[in-house]
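In the working numbering, the protein residues as written are 447 to 762.
Below: the structure, in structure tokens.
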């Protein structure tokens with residue numbers, strides 16, 4: 447038996463928060479970039495140039511709280527809505543503490559900060575009076591970031607610096623730029639995969655929800671969909687989203703000592719592709735004003751076809 451999800455948030459309800467995001471985040475960020483271009487070499491920026499990024503950091507986290515709450519409370523499973531009980535005060539304490547510790551540790555604390563924020567939203571959510579519990583560990587995320595992101599970037603930077611210095615007076619610099627971007631994309635694929643696998647680790651009742659995926663198969667899947675999106679100049683992108691959503695959802699399980707449940711998605715590839723393209727075009731032609739409605743319609747379409755069902759492989 448399949449039990450389906452749903453998404454009940456409306457664009458009208460999400461619109462006010464989205465407008466605040468544009469006014470308080472996008473516009474100031476654009477102004478900051480414009481001002482940065484006006485700074486001449488050797489000129490010392492005024493104090494506001496350093497204050498703005500910090501202010502935007504906190505604005506982003508404040509708006510994230512309200513956006514996340516709306517999105518979480520819009521999710522329904524088996525006709526039961528997800529309830530979110532987190533408070534803004536508790537959230538801001540975590541943000542302020544995480545920001546302070548990340549600064550004084552020169553960024554080393556960021557994985558634990560990420561774990562605390564993710565845990566806040568998961569741990570304060572409940573379905574059918576049963577709370578969820580995030581099981582990701584900050585230490586594991588630290589290892590993921592260090593080995594799959596920072597270390598490869600350091601190695602790549604050293605190698606590319608040698609070649610750039612060698613060819614600094616030649617016509618090879620544009621080629622080095624392309625190679626650098628290509629290598630960055632390759633590095634990001636395993637990092638993104640490992641990061642999301644780390645995030646999908648949640649306890650609910652006596653079940654643990656997690657990915658059961660193979661590293662290389664998953665990375666090749668992501669790389670293939672990215673390549674198709676690039677060679678088609680973005681035309682294939684919505685199909686990549688659909689394919690990746692189904693690929694990873696089909697490999698998401700909820701396991702207890704006695705039962706095993708599998709997530710799944712009733713894919714309609716061509717219809718999903720055209721639907722996503724329609725929503726993307728509406729966002730573009732309305733200069734992102736339509737985004738809240740697109741987000742809610744996409745959430746509705748995908749979640750209403752997402753289900754949880756008993757696995758054929760019974761543990762008990």
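Even for Gly, the Cβ is constructed at its ideal location relative to N, Cα and C.
- In the DSSP assignment, residue 655 falls within the beta strand (DSSP E) that extends over 653 to 657.
- Shortest Cα-Cα distance from residue 502 to any of 719, 476, 640 and 518 involves 476.
- By DSSP's assignment, residue 576 forms a beta bridge with 573.
- In this structure residue 739 is buried. Its beta-carbon is surrounded by 16 or more other beta-carbon atoms within 10 angstroms.
- By the neighbour-count criterion, in which 16 or more other beta carbons inside 10 Å mark a residue as buried, residue 671 falls on the buried side.
- DSSP places residue 710 inside the beta strand (DSSP E), whose first and last residues are 706 to 711.
- Straight across, the Cα-Cα distance linking residue 602 with residue 638 is about 18 angstroms.
- Just measuring C-alpha positions, the residue of 623, 634 and 518 sitting nearest residue 590 is 634.
- When the beta-carbon positions are compared, residue 755 and residue 448 come within less than 7 angstroms of each other.
- DSSP places residue 497 in the helix class (H, G or I) of the three-state scheme.
- Under the 8 angstroms Cβ criterion, the region 580 to 589 does not count as touching the region 529 to 538, having fewer than three qualifying pairs.
- For residue 648, DSSP records a beta bridge to 580 and 655.
- Excluding the 5 residues flanking it on each side, residue 571 has same chain C-beta neighbours closer than 6 angstroms at 518, 528, 530 and 578, in chain order.
- If one requires a minimum length of 4 residues, the alpha helix (DSSP H) runs lying completely within the region 706 to 754 are 715 to 731 and 737 to 749, in chain order.
- Residue pairing for residue 449: DSSP places it in a beta bridge opposite 754.
- Sequence-distant partners of residue 478 (beyond 5 residues in either direction) whose C-beta falls short of 8 angstroms from its own C-beta, in its chain, are 495, 498, 499 and 502.
- Contact annotation: residue 749 and residue 566 have beta-carbon atoms that are not nearer than 7 angstroms.
- Taking every protein chain shown into account, the CB of residue 657 has 16 or more other CB atoms within 10 angstroms, so this residue is buried.
- For residue 635, the three-state secondary structure derived from DSSP is helix.
- Cβ atoms of residue 733 and residue 687 stay farther apart than 8 angstroms, at about 22 angstroms.
- By the Cβ test, the region 693 to 703 is in contact with the region 650 to 666, since at least three Cβ pairs between them sit closer than 8 angstroms.
- Checking the DSSP bridge columns, you'll see residue 528 partnered with 573.
- For residue 536, the closest C-alpha among the options 557, 562, 516 and 521 is that of 562.
- Between residue 695 and residue 709, the alpha-carbon positions lie close to 6 angstroms from each other.
- Residue 555: not part of any beta strand (DSSP E); DSSP gives it neither H nor E.
- For residue 521, the three-state secondary structure derived from DSSP is strand.
- When the alpha-carbon of residue 588 is set against those of 631, 548 and 458, the nearest one is in 548.
- Selection 690, 509 and 746 evaluated against residue 467 yields 509 as nearest (Cα-Cα).
- Using a 10 angstroms sphere on the CB of residue 546, the tally of other CB atoms stays under 16, which defines it as exposed.
- Take the alpha-carbon of residue 717 and the one of residue 727: they are about 15 angstroms apart.
- The bridge partners DSSP lists for residue 699 are 656 and 708.
- Between the alpha carbons of residue 745 and residue 631 lies a gap of roughly 27 angstroms.
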